[in-house]
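Undergrad: Just so we're aligned, residue 356 is where the sequence shown starts under this note's numbering, counting upward by one.
Glycine residues also receive a C-beta, built at the ideal position from the N, C-alpha and C atoms.
Nothing here was measured: the structure is a model prediction, and the numbers come from that model.
Pasting a structure here, questions to come.
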Amino acid sequence: MEIFQTIWMALTTPNEGLINILSIPLTIIEAVIGMLLFITILDIQSNKKQKLIYILLMSFLSMIANTPLLYDVSKFINAILWPILVIYIFKTSILKGILSEILVLISLAIFEPIYSKLFITIFNIQYIDIQLVPIYRITVVLSIYLSIYIIYRIFKHTNFSITLLDNMDKKSKTVLIVNSLFGVIAISAQLYLINFYNQNLPFFITLIGTLSLLAYFFISMYSLTKTTQLQITEQNLEEAQLYNKSLKILHDNVRAFKHDFSNIVQAIGGYIGTNDMEGLKTYYSQLLGDCQKVNNLYTLSPEVINNPAIYSLLTSKYHKADELGIKINLEVFLNLNELNMKIYEFTRALGILMDNAIEAASECDDKIINVEIRKDFKVNRQLLLIENTYEEKDVDLDKIYEKGYSSKPNNTGLGLWEVRQIMKKNNNLNLYTTKNDKFFNQQLEIYTK
Numbered sequence: 356m357e358i359f360q361t362i363w364m365a366l367t368t369p370n371e372g373l374i375n376i377l378s379i380p381l382t383i384i385e386a387v388i389g390m391l392l393f394i395t396i397l398d399i400q401s402n403k404k405q406k407l408i409y410i411l412l413m414s415f416l417s418m419i420a421n422t423p424l425l426y427d428v429s430k431f432i433n434a435i436l437w438p439i440l441v442i443y444i445f446k447t448s449i450l451k452g453i454l455s456e457i458l459v460l461i462s463l464a465i466f467e468p469i470y471s472k473l474f475i476t477i478f479n480i481q482y483i484d485i486q487l488v489p490i491y492r493i494t495v496v497l498s499i500y501l502s503i504y505i506i507y508r509i510f511k512h513t514n515f516s517i518t519l520l521d522n523m524d525k526k527s528k529t530v531l532i533v534n535s536l537f538g539v540i541a542i543s544a545q546l547y548l549i550n551f552y553n554q555n556l557p558f559f560i561t562l563i564g565t566l567s568l569l570a571y572f573f574i575s576m577y578s579l580t581k582t583t584q585l586q587i588t589e590q591n592l593e594e595a596q597l598y599n600k601s602l603k604i605l606h607d608n609v610r611a612f613k614h615d616f617s618n619i620v621q622a623i624g625g626y627i628g629t630n631d632m633e634g635l636k637t638y639y640s641q642l643l644g645d646c647q648k649v650n651n652l653y654t655l656s657p658e659v660i661n662n663p664a665i666y667s668l669l670t671s672k673y674h675k676a677d678e679l680g681i682k683i684n685l686e687v688f689l690n691l692n693e694l695n696m697k698i699y700e701f702t703r704a705l706g707i708l709m710d711n712a713i714e715a716a717s718e719c720d721d722k723i724i725n726v727e728i729r730k731d732f733k734v735n736r737q738l739l740l741i742e743n744t745y746e747e748k749d750v751d752l753d754k755i756y757e758k759g760y761s762s763k764p765n766n767t768g769l770g771l772w773e774v775r776q777i778m779k780k781n782n783n784l785n786l787y788t789t790k791n792d793k794f795f796n797q798q799l800e801i802y803t804k
């Protein structure tokens, strides 16, 4: 009986030592609950190893942050390291790393003052009691965690997640990152002020402040969603316009082919009737060229090139080459949404390589560009193959990637150098360059990370 009384006394009287001990499991719980919340809402893919590493490191940082001697400095450092941990452990974007911190801070900012004020009002205690009396501290903290967990379960049950962040352009992401950074500062300041004045503030004021913060958060997310949806709609409209252009050309080619079909058959019959096999071979190769053009236009479909950014880029380059009289043979045998590299970096490299190929082929009498995107199952890699006819046979393959190198007097010579910089930032990429008497070849190899 005396043991229970001792335990009860330790729990119901100010006991900073016990609070520090109990903070260890509580920080682990907070790391788990917070992680579940942001990976669900932000649709961050993760495995058990990543989750365990995050929980251990985040718990360790939180324990350091709760150390009295380092409290102020460690809180600031913890706020900086938090998104960095998310970015590097879960291999996600800077934007999602910052938003992960904001989501958890918002949740704490909402429930901390509400539960603290409720306990102060119901039990007629001081705010300092919630901080130093273990029974109050544990109950308040667990109530906060339970509320956040319930929110997580609601989002999980409804399959709610913010997937629009992956489709935002670079400018919008930059604006949102800056806005999010200021949001972290504002939320942290709000938490500090509420905790500092919680004892003296009426419950009504605390509630209004918390609800205002909550409203600001949801309105901001709603505005973000609508803005991103508008950008995606504009992107889809541009994609549809490009597709309609391809369909019109395809339709005209099919109509012309159908109109000339009887003439084509008669021409073939003439070669057969005279047993002119050499003439038939020449005629067939010419006919095959027109058929290939129709096949290329069929390939220029959002269903085949199933990534909007890559589709828009390839379509615009195709029509640019077509206007210059360049024959492009295009083949795509890969789900472009499963590329093992960032779409932004892939489109940059693809655009530079296509521009170089178009420029080189346009100077030739025989203007040809062959583009192939496929998977190499033997080596488990993805390939982008671009080959083009070219005039300058003595091009130095060792110098073309140097910054400022160009065979053109007015060219900046930055294109292939920029591609090389992309290669250096990713250890799963390789660019292999070769040439022969007819074609200049670029092979971008993308290995599994």
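Please list, in chain order, all residues of the same chain as Gly452 whose beta carbon is under 6 Å from its beta carbon, the five residues on each side excluded.
TA: Only Pro438, Val441, Ile442 meet the Cβ criterion.
Undergrad: Between Leu407 and Gly372, what straight-line distance do the alpha-carbon atoms span, to the nearest angstrom?
TA: Taking the straight line joining both Cα atoms gives about 28 Å.
Undergrad: Taking Tyr787 as part of the beta strand (DSSP E), name the residues at either end of that continuous run.
TA: Where Tyr787 is concerned, the enclosing beta strand (DSSP E) stretches over 784-790.
Undergrad: Whose CA, out of Asn711, Ile728, Leu668, lies closest to the CA of Leu689?
TA: Ranking Asn711, Ile728, Leu668 by Cα distance to Leu689 puts Ile728 first.
Undergrad: Near Lys687, which residues of its chain fall below 7 Å by C-beta distance, leaving aside the five closest residues on each side in sequence?
TA: This sequence places Val at residue 687; Lys is not what is there. Thr654, Val659, Ile660, Ile728, listed in sequence order.
Undergrad: For Thr744, list the residues DSSP reports as bridge partners.
TA: DSSP output for Thr744 lists Phe794 as bridge partner(s).
Undergrad: How many angstroms separate the CA atom of Ala716 from the CA atom of Ile724?
TA: Between Ala716 and Ile724, the C-alpha separation is close to 7 Å.
Undergrad: What three-state label does DSSP hand Gln737 in the structure shown?
TA: Gln737: strand per DSSP, three-state reduction.
Undergrad: Can you tell me which of Ile432, Val459, Ile483 puts its alpha carbon nearest to the alpha carbon of Ile499?
TA: The residue with the shortest Cα to Cα distance from Ile499 is Val459.
Undergrad: Between Tyr491 and Ile388, which are expected to be in contact by the criterion C-beta below 8 Å, what is the C-beta distance as a whole number of angstroms?
TA: Not confirmed; about 20 Å, so no contact.
Undergrad: From Ser578 to Arg736, what does the alpha carbon distance come to, in whole angstroms?
TA: So the alpha carbons of these two residues sit roughly 40 Å apart.
Undergrad: Compute the Euclidean distance between the alpha carbons of Gln797 and Asp753, then round it to the nearest angstrom.
TA: One C-alpha to the other measures close to 14 Å.
Undergrad: Suppose you measure from the CA of Met413 to the CA of Asn662; what does that come to, to the nearest Å?
TA: The alpha-carbon atoms of Met413 and Asn662 are separated by roughly 36 Å.
Undergrad: Nearest by alpha-carbon distance to Ile741: which of Cys719, Met696, Thr788 is it?
TA: If we check each option's Cα against that of Ile741, Thr788 comes out closest.
Undergrad: What distance in whole Å lies between the Cβ atoms of Leu705 and Ile665, which are believed to be in contact at a cut-off of 8 Å?
TA: Yes, Ile665 and Leu705 are in contact; Cβ-Cβ is about 7 Å, under 8 Å.
Undergrad: Just list the alpha helix (DSSP H) runs in the segment 653-732, keeping only unbroken ones of 4 residues or longer that don't cross its boundaries, in chain order.
TA: Runs found: 663-678, 698-716.
Undergrad: Exposed or buried, Asn375, counting other C-beta atoms within 10 Å across all chains shown (16 or more means buried)?
TA: So Asn375 ends up on the exposed side.
Undergrad: With a CB to CB cut of under 8 Å and the five nearest residues on each side skipped, what residues in its chain are close to Ala570?
TA: Excluding sequence neighbours, Ala570 sits near nothing in its chain.
Undergrad: Taking just the CA atoms, how far does Asp677 sit from Thr670?
TA: Approximately 10 Å, taken between the alpha carbons.
Undergrad: Of all the options Ile506, Lys697, Val734, Gln481, which has the alpha carbon lying nearest to the alpha carbon of Leu462?
TA: The question names Leu, but residue 462 is Ser in the sequence shown. Among Ile506, Lys697, Val734, Gln481, the Cα nearest to that of Ser462 is on Ile506.
Undergrad: Would you call Ser567 buried or exposed, if buried means 16 or more other Cβ atoms sit within 10 Å of its Cβ?
TA: Result: exposed.
Undergrad: Out of Glu456, Ile457, Lys581, Leu497, point me to the one whose CA is closest to Glu467's CA.
TA: Per the Cα distances, Leu497.
Undergrad: When you compare each of Gly680, Gly625, Phe732 to Tyr802 by their alpha carbons, which one comes out closest?
TA: Nearest C-alpha to Tyr802: Phe732.
Undergrad: Just to confirm, is the Cβ distance from Ser471 to Val495 under 8 Å?
TA: Result yes, Cβ atoms of Ser471 and Val495 sit closer than 8 Å.
Undergrad: Determine, using beta-carbon pairs with one atom in the segment 357-370 and one in the segment 479-488, whether at least three such pairs fall under 8 Å.
TA: At 8 Å Cβ cutoff, the stretches touch.
Undergrad: CB Lys748 to CB Ile713, shorter than 8 Å?
TA: No, the pair does not count as a contact, with Cβ atoms beyond the cut-off.
Undergrad: Once the 5 residues before and after Thr382 are set aside, which same chain residues still bring their CB inside 6 Å of it?
TA: Hits under 6 Å: Ser414, Ser417, Met418.
Undergrad: Terminal residues of the continuous alpha helix (DSSP H) containing Phe466?
TA: Residues 449-478.
Undergrad: Keeping to the same chain, check which residues put their C-beta closer than 8 Å to that of Met696; ignore five residues upstream and five downstream.
TA: Here the set comprises Asn781, Asn783, Leu784, Ile801.
Undergrad: For a test of the three-state rule: what should DSSP assign to Leu799, helix, strand or coil?
TA: If DSSP states are grouped into helix, strand and coil, Leu799 belongs with the strands.
Undergrad: By how many angstroms is the C-alpha of Lys404 removed from the C-alpha of Ile394?
TA: C-alpha separation (whole angstroms): 14 Å.
Undergrad: Taking the straight line between their C-alpha atoms, what separation do you get for Glu693 and Arg775?
TA: Whole-angstrom Cα-Cα distance: 22 Å.
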